[in-house]
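Worksheet: one structure, shown below.
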Amino acid sequence: MKSFTAGPNENGVRLSRFVEGVTKDMPRSMMYKAFRNKRIKVNGKRAEPDTRLSAGDLIELYINDEFFPVGKPAAKTAKPPRRQPPVTVVYEDENFAVLYKPAHLLCHSDRTGDANLVDAFAAYLEAKGEYDPHAEKRFAPALCNRLDRGTEGLVLAAKSYAALRDLNAIIRDDMMKKEYLTITVGAPPQGRFVAWLQHSEKNNKVRIHARESEGYKQIITEVTVIRQAGPFALCRIGLITGRTHQIRAHLAYLGHPVLGDIKYGNHKMNERTGLKTQALCAQRLTFGRIPEENTLQYLSGRVIKLNDPEIVKTYERLTAEK
């Protein structure tokens, strides 16, 4: 028999998920059989797979030792292999943070081993004493949304499993509106535009159709021109749907690509301005009505935005040069 005490990061976690996290190579069929045979208990009582844990709960597993890892369990993510960049925090509370991701910084690690935002966030919390990668067994700080490497802006980062679950619910159920700033080549038409998008895994590019087609997903994009000077316009983009490369591909389809965009942009204008990445910034998050059962209900009606973003400075520099 092995016993565990649920920590703060297990608050709200399904018991079946917890069991899968602390065991190794145990078939699911065997785990559910253990539930049926009352060999998995919480606070001394029989528990069901969908039982939600609370911090401080005692979990007893009457399961063969062969299904438990030998020695000290490893943290869910390895300690960052290299020095991480400082984290710019736009908003933070005890549950989550909203971080600023500069262009060129990855959200997650890849084969290159380059610095990335999620490891930088973990290092930030570790330095504050809010996260110990050696003691934490079943949760590591996590990002709830991602931005392309070349895009700057706001990223949601969860400090606990409960926050991750509830932030994901907010995003999934369209309780948060994301707005971007971008610099386009010429001023695009304004309004709400509907099209259909297909993503190719082979070249990581998307195609846009005006009408519904097999294999294509609907996209809805709102466009507002804030300023225009010469060949450039500063625009606010509202995402009603959130598809891969939606803003970049949709604006290019409308004839006014994002400046600096290598995949969908105007290459001559990119060369003229010298921009090395797309001029696109996730600048504002607006939370709608969040139900009371969500632990982040206090965010209802809240607006979190990035003040004085780099993209505005870039636009002002470009238009001053004309």
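For any residue, its number in this note's numbering is found by taking its place in the sequence shown, counting from 1, and adding 435. The beta carbon of each residue, even a glycine, is placed where N, CA and C say it ideally should be.
- prompt: Quick one: Cα of Gly650 to Cα of Leu632, how far?
  reply: If you draw a straight line from the Cα of Gly650 to the Cα of Leu632, it comes to about 8 angstroms.
task: Reducing DSSP to helix, strand and coil, say where Met704 ends up.
output: It is helical.
- request: Give the DSSP-derived three-state secondary structure of Glu636 in the structure shown.
  value: Three-state DSSP puts Glu636 in coil, outside helix and strand.
message: Let me check understanding here. Comparing Cα to Cα, which of Arg642, Ile618, Gln653 and His644 lies closest to Leu710?
response: The alpha carbon of Leu710 has as its nearest neighbour, out of Arg642, Ile618, Gln653 and His644, the alpha carbon of Ile618.
Every unbroken alpha helix (DSSP H) within the stretch 590–624, with a cutoff of 4 residues, ordered by chain: For the stretch 590–624, whole alpha helix (DSSP H) runs of length 4 or above, ordered along the chain, are 596–607.
task: Check the C-beta distance from Met626 over to Gln718 and give it rounded, since I have them as a contact under 8 angstroms.
output: This sequence places Gly at residue 626; Met is not what is there. Not really, about 20 angstroms apart at Cβ, beyond 8 angstroms.
- prompt: Can you tell me where the alpha helix (DSSP H) with Val660 in it begins and where it stops?
  reply: First-last for Val660: Lys652 to Ala664, but that is the beta strand (DSSP E), not the alpha helix (DSSP H).
field: Among Asp460, Phe453 and Ala557, nearest to Ile475 - alpha-carbon criterion
entry: It is Phe453.
query: Does DSSP classify Thr512 as helix, strand or coil?
result: With a pLDDT of 47 at Thr512, under the threshold of 50, the predicted position of this residue should be treated as unreliable, though the coordinate-derived value follows. Reduced to three states, the DSSP call for Thr512 is coil.
message: For Asn551, list the residues DSSP reports as bridge partners.
response: Answer is Leu541.
- prompt: Met611: buried (16+ other C-beta within 10 angstroms of its C-beta) or exposed?
  reply: When all chains shown are included, Met611 counts as buried.
message: Let me make sure I understand the geometry here. Which of His680, Ser648 and Gly621 has the alpha-carbon closest to that of Thr828?
response: A query on residue 828 cannot be resolved here, the shown segment of the chain reaching from 436 to 757 and no further.
message: If you measure between the beta carbons of Val766 and Tyr566, is that distance less than 7 angstroms?
response: Given that the chain is displayed from residue 436 to residue 757, the structure contains no residue 766 and the question cannot be resolved.
- prompt: Nearest to Glu495 by CA position, among Asn478, Pro484, Phe502 and Glu501, is which residue?
  reply: When Asn478, Pro484, Phe502 and Glu501 are compared, the shortest CA-CA separation from Glu495 is found for Asn478.
query: Do Ala538 and the ligand FMN come close, with the Cβ less than 6 angstroms from some heavy atom?
result: The ligand FMN is absent from the structure shown, which contains no ligands of any kind.
query: Does DSSP put His691 in a helix, a strand or coil?
result: Coil.
- request: Let me know if Ile661 comes out buried or exposed under the rule of 16 or more other beta-carbons within 10 Å of its beta-carbon.
  value: Counting Cβ neighbours within 10 Å, Ile661 comes out exposed, since fewer than 16 surround it.
field: Bridge-paired residues (DSSP) for Tyr699
entry: Beta-bridge analysis with DSSP links Tyr699 to no other residue.
Assumed close pair Glu614, Ile672 - CB separation to whole angstroms, cut-off 8 angstroms: Rounded, the Cβ-Cβ distance is 7 angstroms, consistent with contact.
task: State whether the stretch 541–554 contacts the stretch 636–650, with contact taken as three or more CB pairs (one from each stretch) at a distance under 8 angstroms.
output: Of all C-beta pairs linking the stretch 541–554 to the stretch 636–650, fewer than three are shorter than 8 angstroms, placing the two stretches out of contact.
message: In whole angstroms, give me the CA-to-CA distance for Leu599 and Arg584.
response: The alpha-carbon atoms of Leu599 and Arg584 are separated by roughly 22 angstroms.
As assigned by DSSP and simplified to three states, the class of Pro744: The DSSP-derived three-state label of Pro744 is coil.
- prompt: Which term fits Gln681, buried or exposed, when burial requires 16 or more other beta carbons within 10 angstroms of its beta carbon?
  reply: In this structure Gln681 is buried. Its beta-carbon is surrounded by 16 or more other beta-carbon atoms within 10 angstroms.
message: Between Ala490, Asn639, Thr486 and Glu501, which has its C-alpha nearest Pro462's C-alpha?
response: Comparing Cα-Cα distances from Pro462 to each of Ala490, Asn639, Thr486 and Glu501, the minimum goes to Glu501.
query: In terms of DSSP beta bridges, what is Gly588 paired with?
result: Gly588 is bridged to Lys536 and Ala717.
- request: Write down the C-beta distance between Leu616 and Pro744 rounded to the nearest angstrom, noting that I regard them as a contact closer than 8 angstroms.
  value: The beta-carbon separation of Leu616 and Pro744, rounded to 6 angstroms, stays under the 8 angstroms limit for a contact.
Residue of Phe628, Met465 and Ile725 minimising C-alpha distance to Ala604: The shortest Cα separation from Ala604 among Phe628, Met465 and Ile725 belongs to Ile725.
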